[in-house]
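J.: Dumping the structure here so I can ask a few things about it.
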């Protein structure tokens with residue numbers, strides 16, 4: 108005798124899915140409401156709004172048939188579980204900006220997040236998805252679906268109308284709530300990020316002026332996830348920057364303080380490399396001005412530009428080998444610094460802008476950003492789930508990347524010191540990093556609520572002896588913004604008469 112389960116009405120099945128999704132995949136959202144003193148009344152409102160909205164979304168999707176609906180329930184169960192892993196493990200908000208980062212992340216960067224307890228979350232998603240895939244549902248006529256849709260909408264509207272005092276809470280925390288509520292956080296925000304990327308309009312061009320300088324070199328090193336708080340030259344209590352400290356003691360560099368314009372790389376690159384919104388960026392403009400422009404990076408995803416040389420990763424590695432660099436370091440920032448003399452020889456008489464986008468201190472696997480054996484600070488965290496590490500080990504692993512960056516910058520200064528050409532080095536990190544403070548890790552927290560650790564970055568300036576007689580800095584300010592890079596680089600090439608130049612955003616005089 109076989110046991111047969113009576114099929115559920117579609118409305119009951121969807122209501123069950125909404126409740127299960129709320130309980131299993133949105134606990135961080137409910138926890139956030141309680142932490143922000145929303146109280147249980149706001150939690151109940153969130154639950155009502157979520158259940159009603161999810162009912163309406165999935166009953167609308169049911170018009171494509173029960174097979175499609177089951178597939179979507181299973182798919183979103185898996186994706187919800189994966190989203191829950193990243194929200195719970197890294198305390199990330201899956202906002203539009205964060206999903207834009209995800210869409211621009213290469214496989215090597217993404218693979219650093221794989222492992223740990225991800226499999227357990229994926230298994231949870233697969234189990235929930237399988238249950239709703241096989242759950243027997245009774246087909247419903249269109250009229251019943253319409254009643255269920257309108258009924259859910261009516262409950263939503265009545266609840267909102269009778270709880271108007273809670274609207275201020277939702278308005279004040281809209282971005283955080285939108286980055287936590289699954290599946291809408293990753294699905295809607297990924298679509299928004301993709302559409303923003305597709306809205307490509309032709310860039311306006313700045314007018315050109317005669318280029319008077321000859322043979323000058325500007326090296327713009329853009330750091331990654333380097334927070335100023337962990338640099339010894341800014342007062343950190345560990346010797347993370349011995350080479351820079353020595354240069355600073357001899358008054359050979361300036362250690363300036365800067366604040367990033369965003370907490371994620373794509374937006375920061377726009378701040379650093381663009382003078383005006385909608386206009387060509389710095390490398391593209393200087394390339395048209397007759398400056399040789401080289402972009403070297405061990406990361407993927409450079410901004411759109413037409414430059415003299417920007418080799419993809421495989422070509423760059425091949426060039427490193429041809430230049431005689433140690434194969435053990437060709438995947439680390441040190442290789443970019445050691446390649447600089449070869450670039451100077453490649454463009455011996457040209458005005459040259461070299462942009463080095465460093466791997467720097469990008470998490471979560473900080474141990475992967477330094478060569479094996481480079482660990483002045485121990486013990487170190489080797490886990491991709493940073494909340495699983497002891498705080499001391501996590502900070503040591505991060506500090507090792509800062510010490511390695513110190514070595515890289517020391518090599519760049521050494522190269523420029525020995526060239527007879529007029530040369531300047533500008534180093535600025537894109538943004539900072541959280542290392543567990545306030546329960547936050549990595550970066551990408553919405554700017555208004557991001558801690559200073561994700562905003563305060565180092566800004567190092569070096570002018571070589573051949574250039575010091577004709578290029579000096581203005582009196583030092585207490586803080587700089589990233590938009591000073593564009594006009595400062597133009598000044599270094601003698602382009603103060605360019606329409607792209609802004610004297611108020613220039614650190615030189």
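Residue numbers (the working numbering): 108 to 616. A virtual CB, placed ideally from N, CA and C, is assigned to each residue, including glycine. This structure is a prediction, so every number in the text was calculated from the model and none was measured.
#1: How would you write the range of the beta strand (DSSP E) that residue 205 sits in, first residue to last?
#2: Which stretch, first to last residue, makes up the alpha helix (DSSP H) that contains residue 163?
#3: Given 8 Å as the limit, is there contact between the stretch 527–540 and the stretch 569–576, that is, 3 or more CB pairs closer than that?
#4: Within the same chain, show all residues whose beta-carbon is closer than 6 Å to that of residue 324, passing over the 5 residues directly before and after it, in chain order.
#5: Have a look at residue 387 and residue 381 and give me their C-alpha separation to the nearest angstrom.
#6: Quick check on residue 281: buried or exposed, where buried means 16 or more other Cβ atoms within 10 Å of its Cβ?
#7: Would the C-beta of residue 174 count as close to the ligand ZN, meaning under 8 Å from any of its heavy atoms?
#8: Quick check on the burial criterion: 16 or more other C-beta atoms within 10 angstroms. Buried or exposed for residue 556?
#9: Can you tell me which of 136, 198, 129 and 445 puts its alpha carbon nearest to the alpha carbon of residue 183?
#10: So for residue 109, helix, strand or coil by DSSP?
#11: Kindly indicate which residue of 596, 539 and 227 has the alpha-carbon position closest to the one of residue 564.
#12: For residue 311, which residues of its own chain have a beta-carbon under 6 Å away from its beta-carbon, when the five flanking residues on both sides are left out?
#13: Indicate the three-state DSSP secondary structure (helix, strand or coil) for residue 460 in the structure shown.
#14: Between 190, 442 and 321, which has its C-alpha nearest residue 455's C-alpha?
#15: Give, in chain order, every unbroken run of the beta strand (DSSP E) that is at least 3 residues long and sits entirely within the stretch 424–503.
#16: What residues in its chain sit with their C-beta under 6 Å from that of residue 334, if we drop five residues either side in the sequence?
#17: Just to confirm, are residue 364 and residue 208 a CB contact at a threshold of 9 Å?
#18: Report yes or no: do three or more beta-carbon pairs, one from the stretch 165–182 and one from the stretch 140–157, lie closer than 8 Å?
#19: Candidates 193, 415, 290 and 497: which alpha carbon is nearest residue 453's?
#20: Quick check on DSSP: helix, strand or coil for residue 382?
#21: What number of angstroms, rounded off, separates the C-alpha of residue 276 from the C-alpha of residue 194?
#22: Give the secondary structure of residue 404 by DSSP, where H, G and I count as helix, E and B as strand, and everything else as coil.
T.: Inspection of the coordinates gives the following:
#1: Per DSSP, residue 205 belongs to no beta strand (DSSP E); it is in the alpha helix (DSSP H), 203–210.
#2: That run of the alpha helix (DSSP H) goes 146–168.
#3: Taking 8 Å as the limit for Cβ pairs, the verdict is that the stretch 569–576 does touch the stretch 527–540.
#4: Within the same chain, residue 324 has close Cβ partners 459, 528 and 530.
#5: One C-alpha to the other measures close to 7 Å.
#6: With a 10 Å radius around the Cβ and a threshold of 16 neighbouring Cβ atoms, residue 281 comes out exposed.
#7: Absent from the structure shown: the ligand ZN. Ligands present: none.
#8: Exposed, by the Cβ-count rule.
#9: For residue 183, the nearest C-alpha among the options comes from 129.
#10: Legend: pLDDT at residue 109 = 47, less than 50; position of this residue unreliable, value from coordinates given subsequently. Residue 109 falls in the coil class under three-state DSSP.
#11: Checking every option, the nearest Cα to that of residue 564 belongs to 539.
#12: Cβ-Cβ distances below 6 Å link residue 311 to 385 and 386 in the same chain, with the five nearest sequence neighbours on each side left out; the list follows chain order.
#13: Of the three classes helix, strand and coil, the one that applies to residue 460 here is strand, per DSSP.
#14: Residue 455 has its Cα closest to that of 321, out of 190, 442 and 321.
#15: Taking only runs of at least 3 residues, the beta strand (DSSP E) segments lying wholly in the stretch 424–503 are 459–464.
#16: For residue 334, the CB contacts under 6 Å within the same chain, skipping 5 residues up- and downstream, are 539, 540 and 560 in chain order.
#17: No, they are not a contact pair.
#18: Of all C-beta pairs linking the stretch 165–182 to the stretch 140–157, fewer than three are shorter than 8 Å, placing the two stretches out of contact.
#19: Per the C-alpha coordinates, the member of 193, 415, 290 and 497 positioned closest to residue 453 is 415.
#20: Residue 382: coil per DSSP, three-state reduction.
#21: Looking at the two C-alpha atoms, the distance is approximately 21 Å.
#22: Here residue 404 sits in strand by DSSP.
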